[in-house]
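Engineer: A single structure is presented below for examination.
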Amino acid sequence: MPLSRVKTRTNAEWLSELRADGTAAQAAAIEDLRLYLLRAVLYFFSASPGDLRGLARPEIEQIAQDLAQDALLTILKNLDEFRGESKFTTWAYRFAINMSLVEARRQRWKNVSLDRILENSELPDFQFQDKDSPDPDRAAQQQEIWNQVREVIEHDLTERQRAILTAVVFDDVPVDLITRQFKML
1 MPLSRVKTRT NAEWLSELRA DGTAAQAAAI EDLRLYLLRA VLYFFSASPG DLRGLARPEI
61 EQIAQDLAQD ALLTILKNLD EFRGESKFTT WAYRFAINMS LVEARRQRWK NVSLDRILEN
121 SELPDFQFQD KDSPDPDRAA QQQEIWNQVR EVIEHDLTER QRAILTAVVF DDVPVDLITR
181 QFKML
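Residue numbering for the sequence shown follows the working numbering, beginning at 1 and increasing consecutively.
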C-alpha cells in the first residue's frame, strides 16, 4: 500500500485548511491528514503487532484504513479542542494511536467466548511485600488496601458484578464487548 508524501503545514495552516468548507484546500488537507493517520496506524501495527499477529496483511490494512477514517472524522469534529500546545499532527496522531489500541484489544477478544471468561474470572492474588522496597510501611498499606478491596469485591458484589469487574479491570476485556454480551445498553 504505497503512501504519498503529506504536505508540511503549520498548526494554523492545518486548522485554516481543514475548516475551509468545500474548497480544494480543505479536500487536500483532509486527504493529507487521512494519509498521515493511515501511516501512523500502519506503523503502530507493524511495530506492535500484538493482538493482530494472526491476521493477514489485507485484513490489517483494512482495519488501518477504517481506523484512519474514524480518527479523521473524530478529529474534524473536535478541531475546536486543539489548544496548540503541540504540533497539530502530534495531537491528531494521538487520536489514531488511541483508537488503534482499542481496536487491538477488541481483536484479542474477537473470537473468545466471553461466557467462558466470565465463568473463569478470578481475582488476582496481589502481594505487595517487595523485599527490596525502600518503604515497607507503604507496601504493608498497599497490601491492606488490596485485602479490603478484595473483601468488598468477594462479599458485597453479585456474582455477575464480580465477573464483569474482573473481566474489565484484571483481564482487560473491552467494556463495549462486555456491554454487548450482557445487553447493558
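We put the beta carbon where it would ideally sit given N, CA and C, even for glycine.
Look up G22 in the DSSP assignment and say whether it is helix, strand or coil.
Structural biologist: Taking the sequence shown and counting its residues from 1, one reaches residue 22 at position 22. Taken through DSSP and simplified to helix, strand or coil, G22 comes out as coil.
Engineer: Buried or exposed: which applies to V169, given that a residue is buried once 16 or more other Cβ atoms fall within 10 Å of its Cβ?
Structural biologist: To locate residue 169, count along the sequence shown from 1; it is residue 169. Its Cβ having fewer than 16 others within 10 Å, V169 is exposed.
Engineer: Looking at L52: is its Cβ nearer than 9 Å to the Cβ of Q107?
Structural biologist: On the sequence shown, residue 52 is found 52 positions in, with the first residue counted as 1. On the sequence shown, residue 107 is found 107 positions in, with the first residue counted as 1. Yes, the pair counts as a contact, with Cβ atoms nearer than the cut-off.
Engineer: On a Cα-Cα basis, can you pick out the residue from R57, D137, L72 and N98 that is closest to L33?
Structural biologist: Counting from one through the sequence shown, the residue named residue 33 turns up at place 33. If you compare the alpha carbons of R57, D137, L72 and N98 with that of L33, the shortest gap goes to L72.
Engineer: Please specify which runs of the beta strand (DSSP E), each continuous and at least 3 residues long, are wholly inside the stretch 34-109, giving them in chain order.
Structural biologist: You should have found no qualifying run.
Engineer: Assess, as a yes-or-no matter, whether the stretch 59-71 is touched by the stretch 33-49 under the definition of 3 or more beta carbon pairs within less than 8 Å.
Structural biologist: yes
Engineer: If we count the other Cβ atoms within 10 Å of its Cβ and call it buried at 16 or more, is T189 buried or exposed?
Structural biologist: A question about residue 189 goes unanswered here, because the residues of the chain that appear run from 1 up to 185.
Engineer: When the Cβ atoms of the stretch 85-103 are set against those of the stretch 11-22, are three or more pairs found closer than 8 Å?
Structural biologist: As far as the Cβ criterion goes, the stretch 85-103 touches the stretch 11-22, which means the pair count is three or higher.
Engineer: Quick one: measure Cβ to Cβ for P174 and R105, integer angstroms, because I've assumed they're closer than 8 Å.
Structural biologist: By one-based count along the sequence shown, residue 174 stands at place 174. By one-based count along the sequence shown, residue 105 stands at place 105. Right, their Cβ atoms sit about 5 Å apart.
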